[in-house]
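Chemist:
Protein chains: 2
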Amino acid sequence: MPELRKDPISRRWVIIATERAARPTDFKHEAIEVNDLDRCPFCEGREGRTPPEIYAVRASGTAPNTPGWTVRVVSNKFPALRIEGSTDRSRLGIFTRMDGVGAHEVIVETTDHHTHLGLLPVDHVAHVIRAYLQRYRDLRGDTRFEYVLLFRNHGRTAGASLSHPHSQLIALPVAPKRVAEELDAAERFFGRHGECIYCALLEQEQASGARIVFGNEQFVALEPYASRFPFETWILPRTHEPDFGALRSDDETPLAEALRETLYRLHACLDNPPYNFIIHTFPYRGESRHAYHWHIEVMPRLTQVAGFEWGSGFYINPVVPEEAARYLREVPAPMPVGPVTAGRTHGEVGD
Amino acid sequence: MPELRKDPISRRWVIIATERAARPTDFKHEAIEVNDLDRCPFCEGREGRTPPEIYAVRASGTAPNTPGWTVRVVSNKFPALRIEGSTDRSRLGIFTRMDGVGAHEVIVETTDHHTHLGLLPVDHVAHVIRAYLQRYRDLRGDTRFEYVLLFRNHGRTAGASLSHPHSQLIALPVAPKRVAEELDAAERFFGRHGECIYCALLEQEQASGARIVFGNEQFVALEPYASRFPFETWILPRTHEPDFGALRSDDETPLAEALRETLYRLHACLDNPPYNFIIHTFPYRGESRHAYHWHIEVMPRLTQVAGFEWGSGFYINPVVPEEAARYLREVPAPMPVGPVTAGRTHGEVGD
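If you read the protein sequences in the order shown, they are chains A and B.
Using our numbering, the first residue of the first sequence is number 3, and each one after it goes up by one.
Using our numbering, the first residue of the second sequence is number 3, and each one after it goes up by one.
#1: If I follow the unbroken beta strand (DSSP E) through B/L94, where does it start and stop?
#2: Is A/I140 close to chain B, meaning its C-beta is less than 8 angstroms from at least one C-beta of that chain?
#3: For the ligand HEM, any of its heavy atoms closer than 7 angstroms to the Cβ of A/A212?
#4: What does DSSP give as the partner residues of B/P302 in its beta bridges?
#5: Spatial neighbours of A/G87 within its chain, please: C-beta separation below 6 angstroms, excluding the five flanking residues on both sides.
#6: Express the C-alpha separation of A/V76 and A/P53 in angstroms, rounding to a whole number.
#7: Return the residues of the region 100–117 of chain B that lie within a Cβ-Cβ distance of less than 7 angstroms from chain A, sorted by chain order.
#8: Report the three-state DSSP secondary structure of B/A344 (helix, strand or coil).
#9: Span of the alpha helix (DSSP H) holding A/E107?
#10: If we define contact as Cβ-Cβ less than 8 angstroms, is A/R287 a contact residue for chain B?
#11: Short check: CB of A/N37 to CB of A/S165, under 8 angstroms?
#12: Please state whether DSSP places A/P239 in a helix, a strand or coil.
#13: Three-state secondary structure (DSSP) at B/V181?
#14: Consider the Cβ of B/W15: report whether some Cβ of chain A lies at a distance smaller than 8 angstroms.
#15: Quick one: using the 10 Å Cβ neighbour count with 16 as the cut-off for buried, is A/R213 buried or exposed?
#16: I'd like to know whether the C-beta atoms of B/A82 and A/I318 end up nearer to each other than 8 angstroms.
#17: Cutting at 7 angstroms between CB atoms, please list the residues of its own chain near A/L174, excluding the five before and the five after it.
#18: Just the Cα atoms here: how many angstroms apart are B/C198 and A/L185?
#19: Closer than 8 angstroms, CB to CB, is A/H242 near chain B or not?
#20: Taking 6 angstroms as the limit between beta carbons, can you name the residues of its chain near A/A128, skipping five residues before and five after?
#21: What is the residue span of the alpha helix (DSSP H) that A/T255 lies within?
#22: What did DSSP end up calling A/E55 once you bin it into helix, strand or coil?
#23: Does chain A have any CB closer than 8 angstroms to the CB of B/V176?
#24: Using the Cα positions of B/H156 and A/R41, report the straight-line distance between them to the nearest angstrom.
#25: Please report whether the beta-carbon of B/K30 lies at a distance below 8 angstroms from any beta-carbon of chain A.
#26: Check each candidate in A/H297, A/V307, A/D273 and name the one with the smallest Cα separation from A/F29.
#27: Tell me where the beta strand (DSSP E) around A/Q170 begins and ends.
#28: Can you list, in chain order, the residues of its chain with a C-beta nearer than 6 angstroms to that of A/R91? Leave out the 5 residues immediately preceding and following it.
#29: Using the beta-carbon of each residue, which ones in chain A are nearer than 9 angstroms to B/P43?
#30: Alpha helix (DSSP H) containing A/E207: first to last residue?
#31: Who does B/W296 pair with in a DSSP beta bridge?
#32: Whose C-alpha, out of A/G196, A/Y227, A/Q208, is nearest the C-alpha of A/N218?
#33: Whether or not the region 4–16 of chain A and the region 185–195 of chain A are in contact is what I'm after, with contact meaning three or more pairs of Cβ atoms, one per stretch, closer than 8 angstroms; do they touch?
#34: Among all the DSSP beta bridges, which residues are the ones paired with A/S77?
#35: Can you find a CB in chain B that lies within less than 8 angstroms of the CB of A/A19?
#36: Between B/I96, B/F80, B/R48, B/R180, which has its C-alpha nearest B/R74's C-alpha?
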């Protein structure tokens, strides 16, 4: 019998279609296409092909926009939003508009063209996290911005046009709809129960254990009860904190470990699937901070989203979240990787 | 300069990325794959390969589940929801669940394996509309159902697994999130302005004309001001009516004409693109009927929806809606088609 499950935060119903139950190997997805190494603007030695760098982790003594970096942040060459302009809104009858003001940056995660965030050493992923934090904290100073969206697209199906490992950041002059919905739900729950809904969720999930994928002292990775997508995974800090930007330096490595573990397990279980992940955090200038809890949502892109989903906000998920959690828990630990061999998944030597 | 536009109903912001401005021919999409004719369960003469028919338009004297039909409705052989079961909800701490109760039907639109709703004669499309209406009205009698979602997926990218022209219907025991959001917005607007927001939108759009694609006496097709997708098109009845099921028989042919015109123009302008359309209507047992206005949303699937969109509820649309409307208005009228030659787009003779 299929089951209808309601997400307590978004109030979205999901059909868990148990009779179509699928195993990880049932999902045929595109192989991750690797762009031509010779033309990649994100490879080391081609720093001149991107806009100037905004931030980098570099070997001491190397100059900006030259080789010698480990992680590098640049403006997007084809930005969706522009940094110049005002955030004045104007009304056109029932419609509202403003200039497309914002920032659009690219976080190049490594010099290695062929690897993947789930295959890099934890120390390296911690550098990427620090790059996220530096940009997130820096952009807060621009009072025009309400929100910074940090996200990653892996594979063409997931919207990545370049395969060289990179994340993106978009600073927005308005708070996004999804975040506003989560804040509303969190505020409502807090009003009723005097508690953060994400803290309540974590408590219930840890008591049951059925949907937990991975945990360390600071972070938990789990399959949400009403997962929209097969193998959807959320990473939540155990301690209540609304703001990703408030991450303590002691927590950078545990977060890197949780993110890497999650992405590695998805990679191993689903044969390098396309995915998106998004950091959900409290808006720069929001109120009711007590109710919200920052987290990361990882969504493998294994099924087509069709008219039914668009039309209804319903989702049909053919994988029971408890089964997905079990598959991901059972992934054997990765071989210890050093910085040299990390992520040579295609049997090639990069750089 | 890119522009941010806010949809007055969903309150979703969309980035209209004017500097990436694209013409219809810039969109590379998959060619619509045609399934093997010899194995198609929806072709005439293979009625035994589907569950028994629930409704059909048939030549007089022909028996159910035999050849002689024009439009045929059957249960989905692999339903997402099951007709047996109760709609009792149970709580598991902060989570809510119920049995996956519902109906999942397929409306086979024609015997012709190779055509498309946008290429069929208006009279034929009116038969399809009547099939929608018959099923929509019939399922209202099952008091477990709160909503019936009528939708169509065209092309594999849009989620269609069989290419033989068909629509789908899913009856749900809960009102979908998207519809609830629209109802909330409509109710709020009515409270403030004493008017239906869709009626206000239609009035403003008709006064401007810039985003209108097509109109007849009863229906208007237009590009929404804050279109999420390139060439997104909505079809709205000119007269205020919350309920698709209340369509007067005099309006069946005008609706068929508006739907066919819209789909034909998209087909001609964008070279047979994948698309979804969804009928948005008032829930069977909802309140505040005065505020809502049923309509159809057509979404060509030309761009990838990536992490940015999922994470934020923001969309980046590279086509200015006024430009899209102009392209669609300028599509030359189709050649008049008779029932025999309709839609032989692949130069083959079906059946």
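We put the CB at the ideal spot given by N, CA and C, even for glycine.
Modeler: The short version:
#1: Start and end: 92–94.
#2: Reading the sequence as shown, one finds Asp at residue 140 of chain A and not Ile. Output row for A/D140: interface = no.
#3: Ligands are entirely absent from the displayed structure, and the ligand HEM is therefore not among its contents.
#4: B/Y277
#5: D101, V103
#6: Between A/P53 and A/V76, the C-alpha separation is close to 6 angstroms.
#7: Under the 7 angstroms Cβ criterion, the region 100–117 of chain B contributes M100, D101, G102.
#8: Caution is warranted here: a pLDDT of 38 is assigned to B/A344, below 50, making its placement in the model unreliable, and no coordinate value can be reported.
#9: Careful: A/E107 lies outside any alpha helix (DSSP H), inside the beta strand (DSSP E) at 105–110.
#10: no
#11: yes
#12: In the structure shown, A/P239 sits in a strand (DSSP, three-state: E or B).
#13: helix
#14: Against chain A, the CB of B/W15 has a partner CB under 8 angstroms away; the residue lies at that interface.
#15: buried
#16: Their beta carbons are under 8 angstroms apart, which means B/A82 touches A/I318 by this criterion.
#17: G104, F147, E148, Y149, L151
#18: 28 angstroms
#19: no
#20: Cβ neighbours of A/A128 beyond the five flanking positions: E254, T255, A258.
#21: For A/T255, the enclosing alpha helix (DSSP H) covers residues 254–272.
#22: Annotated three-state conformation of A/E55 is strand, per DSSP.
#23: yes
#24: Straight through space, the alpha carbons of A/R41 and B/H156 are spaced by roughly 36 angstroms.
#25: no
#26: A/D273
#27: 168–174
#28: T98, M100
#29: Near B/P43 there are no residues of chain A at all, since even the closest Cβ is about 18 angstroms away, more than 9 angstroms.
#30: 199–210
#31: None; B/W296 has no bridge partner.
#32: A/Q208
#33: yes
#34: A/E107
#35: The beta-carbon of A/A19 is placed less than 8 angstroms from the nearest beta-carbon of chain B.
#36: B/R48
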